[in-house]
Amino acid sequence: MNDFDFDAPIDRHQTASLKWDKYGDRDILPLWVADMDFRSSPAVVQALEKRVEHGVFGYGVPPRKITGIICEMLARRYSWQVEAEHLVWLPGLVCGLNLACRAVGREQDEVVTLVPIYPPFLTAPGNSGRRLVTVPLAVENNRWIIDFEVLEKSITPKTRLLLFCNPHNPVGRVFSRKEIGRLVSLCLSHKITICSDEIHCDLILDADKKHFPTATLSSEAAACTITLMAPSKTFNIPGLGCSFAVIGNRQLRQKFVRAMTGIVPDVNIFGYTAAEAAYRDGWQWLEALLDYLRQNRKIVEETIAATAGLHMCPVEATYLAWIDARRIDPVSPGLFFETYGIGLSEGSEFGTPGFVRLNFGCRRALLHEALKRMEKAVKAKQELS
Numbered sequence: 002m003n004d005f006d007f008d009a010p011i012d013r014h015q016t017a018s019l020k021w022d023k024y025g026d027r028d029i030l031p032l033w034v035a036d037m038d039f040r041s042s043p044a045v046v047q048a049l050e051k052r053v054e055h056g057v058f059g060y061g062v063p064p065r066k067i068t069g070i071i072c073e074m075l076a077r078r079y080s081w082q083v084e085a086e087h088l089v090w091l092p093g094l095v096c097g098l099n100l101a102c103r104a105v106g107r108e109q110d111e112v113v114t115l116v117p118i119y120p121p122f123l124t125a126p127g128n129s130g131r132r133l134v135t136v137p138l139a140v141e142n143n144r145w146i147i148d149f150e151v152l153e154k155s156i157t158p159k160t161r162l163l164l165f166c167n168p169h170n171p172v173g174r175v176f177s178r179k180e181i182g183r184l185v186s187l188c189l190s191h192k193i194t195i196c197s198d199e200i201h202c203d204l205i206l207d208a209d210k211k212h213f214p215t216a217t218l219s220s221e222a223a224a225c226t227i228t229l230m231a232p233s234k235t236f237n238i239p240g241l242g243c244s245f246a247v248i249g250n251r252q253l254r255q256k257f258v259r260a261m262t263g264i265v266p267d268v269n270i271f272g273y274t275a276a277e278a279a280y281r282d283g284w285q286w287l288e289a290l291l292d293y294l295r296q297n298r299k300i301v302e303e304t305i306a307a308t309a310g311l312h313m314c315p316v317e318a319t320y321l322a323w324i325d326a327r328r329i330d331p332v333s334p335g336l337f338f339e340t341y342g343i344g345l346s347e348g349s350e351f352g353t354p355g356f357v358r359l360n361f362g363c364r365r366a367l368l369h370e371a372l373k374r375m376e377k378a379v380k381a382k383q384e385l386s
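In case it helps, the numbering used here puts the sequence shown at residues 2 to 386.
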């Protein structure tokens, strides 16, 4: 038994919350940005309370034990042997995407990614003077897949970097070892570096699925991969700004670190404190969270399946549902649902208009109410048609 209560109502209004302050006083339930409404692990809260009690908040360095905790965690969970010097600390995963674009290739080189995709993947190349190339994921047997033929055709002599997301945000896929192996082989044959965003790797919902870090496929894969990870999504601490890159290739790591110079701030002491506590003592909380999210996923999938005009493929990981609403509105369905009191992420922001992303990392009563509003919205739309 545990005392983790994910049904507890927590008022996030007036807490400087990006998610909840977006709509002000309007009656719109925010299920958009990817942070959960749950209190983090008690281990994290207690560690932060202890750090606050100390009362001195000076410049920080990585705590002495945290590197060992992370290396042990990667070995235990993913059979991945990582050396301490392979870790590069970052104040957020988004800056890691931008650093990868700066560190690999030169201006006007091409960066390829698979859409739909988390919006910073689409903006990071341009921020570094690189050219973005997008390749659409395909749907086969009600499952999102990589279309390797289309991907290979998109590669040119100027393609230097692939921005990859696994588990995938927003479609919720856990790519198999075979799929990742094929992707790595393709990149190796074209001398393409991979930046692999694996921030959702601990949020696997399907019991028969397993996360395989891209860099673990082979020594060649490790040499061409920048892996981005963080405790932020897993333990619901994104506002504390603590992430890390794993870069086994020394030359690639040096380029990445050089790109940080003068523009990337250090991780703050609360980020380090929370990360250490989460990775050391937060796993029981995570297991309870995953059980709760599985039930929420079931509710979402059943509701969407029963709602004419909406469709979604099964979610294998994350707490995000990617919903096809093109029959409701092929351009801005998010704006349509907003008028009925549900705040969702707009598909166009992910490079795929006509879809919405729904965050089901919330208490169940709120989720039920949001889905009820979605059903009401769709029904009203059909009556007007």
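Every residue gets a Cβ at the ideal spot worked out from N, C-alpha and C, and that includes glycine.
Following the DSSP letters along the chain, one finds VAL151 inside the alpha helix (DSSP H) bounded by residues 149-155. Here HIS212 carries a coil assignment [DSSP, helix/strand/coil].
PHE5 sits in coil when the DSSP states are folded into three classes, being neither helix nor strand. Ranked by Cα distance from GLY249, the first of ILE264, ALA224, PHE236 is ALA224. Residue pairing of GLY342 in beta bridges, as defined by DSSP: absent, with no partner found.
For ILE270, the CB contacts under 6 Å within the same chain, skipping 5 residues up- and downstream, are GLY61 in chain order. Between VAL258 and GLY97, the alpha-carbon positions lie close to 10 Å from each other. The three-state reading of DSSP puts ASN360 in strand, counting E and B together. CA-to-CA, the gap between LYS179 and HIS212 works out to about 12 Å.
Put simply, the backbone Cα of ASP38 is about 29 Å away from that of CYS196. Here CYS166 carries a strand assignment [DSSP, helix/strand/coil]. Contact between the stretch 186-193 and the stretch 127-139 is not established, with fewer than three Cβ pairs separated by less than 8 Å. Separation of ILE70 and ALA326 (C-alpha to C-alpha, rounded to the nearest whole angstrom) is 43 Å.
For HIS369, the closest C-alpha among the options ILE300, ALA306, GLY310, GLY173 is that of ILE300. Under the three-state reduction of DSSP, ILE195 is assigned to strand.
Here DSSP, grouped into helix, strand and coil, assigns SER190 to helix. Note: ASP38 is not bridge-paired with any residue in the DSSP secondary-structure output.
Following the DSSP letters along the chain, one finds ILE248 in no beta strand (DSSP E), marked with neither H nor E.
Residue pairing by DSSP places ILE146 opposite ALA139 in a beta bridge. Shown here, ALA17 sits in coil according to DSSP, grouped into three states, outside any helix or strand.
For PRO239, the three-state secondary structure derived from DSSP is helix.
Annotated three-state conformation of ASP325 is strand, per DSSP.
The DSSP-derived three-state label of LEU32 is coil. Here the alpha carbons of VAL332 and ALA309 stand approximately 18 Å from one another.
Beta-bridge pairing by DSSP links MET313 to ILE324.
ILE11 counts as exposed, since fewer than 16 other C-beta atoms from the protein chains shown sit within 10 angstroms of its C-beta. Residues of the same chain with a CB within less than 7 Å of the CB of SER129, apart from the 5 flanking positions on each side, are ASN99, CYS102, ARG103 in chain order. If you check the CB distance, GLY283 and ASP28 do not come in under 8 Å. In terms of Cα proximity to PRO63, the closest of PHE338, SER346, ALA276, ARG281 is ALA276.
Using a Cβ distance threshold of 8 Å, LEU206 and ALA289 do not count as a contacting pair.
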